[in-house]
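Below is one structure; the comments refer to it alone.
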């Protein structure tokens, strides 16, 4: 098949390059004592995520609840949801995920962390909460080290 014959949108992957990139990243992290948890938001493809885990990733990162649910259905058991979850429907879906997989959620808000902690505690399950600091893009995350410390300290006091 020629590229011009592909119906779009289509995913086209050079497996040799992908495998080389996965190997190089795993080796880099190993050399530097780093733990790798790749974000799947670009590809959203379970088979590629499996390749990432087989190459040494400790788990995967997703952007949204639906992506997390897909990856759990596909057998992944260590997932970080990178964007905060707000509202009762999302919290109920999170609770269901925590019964099937190790789940972490990052947030830059103690109020959101409190809601998540309360929901999982009331459901008799747990979730890992991570304090998020802005990486310079000013999209999400607290802005200062002081804010990060205060958020993390507040989160350590939460049940669940």
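Residue numbers (the working numbering): 302 to 461. From the three backbone atoms N, C-alpha and C, an ideal C-beta is built for every residue, glycine too.
Counting only residues of its own chain and dropping the five nearest sequence neighbours on each side, residue 392 has a CB closer than 6 Å to the CB of 420. Its chain contains 432, 434 and 443 as the residues whose beta carbon lies nearer than 8 Å to that of residue 449, once the 5 sequence neighbours on both sides are disregarded; these appear in chain order. In terms of Cβ geometry, residue 430 and residue 417 form a close pair [threshold 9 Å]. Note on geometry: alpha-carbon atoms of residue 382 and residue 307 lie some 32 Å from one another. Contiguous alpha helix (DSSP H) elements confined to the region 362-445 occur at 366-374, 389-399 and 411-424, taking only those with 4 or more residues. In this structure, residue 413 and residue 385 form a Cβ contact; the two beta carbons are roughly 5 Å apart against a cut-off of 8 Å. Distance between residue 374 and residue 368, taken at the CA atoms: about 10 Å.
Excluding the 5 residues flanking it on each side, residue 330 has same chain C-beta neighbours closer than 6 Å at 337, in chain order. Close CB contacts of residue 324 within its chain, under the 6 Å cut and outside five residues either way in sequence, are absent. In the DSSP assignment, residue 340 is bridged to 362.
Between residue 380 and residue 360 a beta carbon distance of about 6 Å is seen, short of the 8 Å cut, so the two are scored as contacting.
At a Cβ-Cβ threshold of 9 Å, residue 460 and residue 422 count as neighbours. At least 9 Å separates the beta-carbon of residue 370 from that of residue 403. In the three-state scheme derived from DSSP, where H, G and I count as helix and E and B as strand, residue 355 is classed as helix. Annotated three-state conformation of residue 311 is coil, per DSSP.
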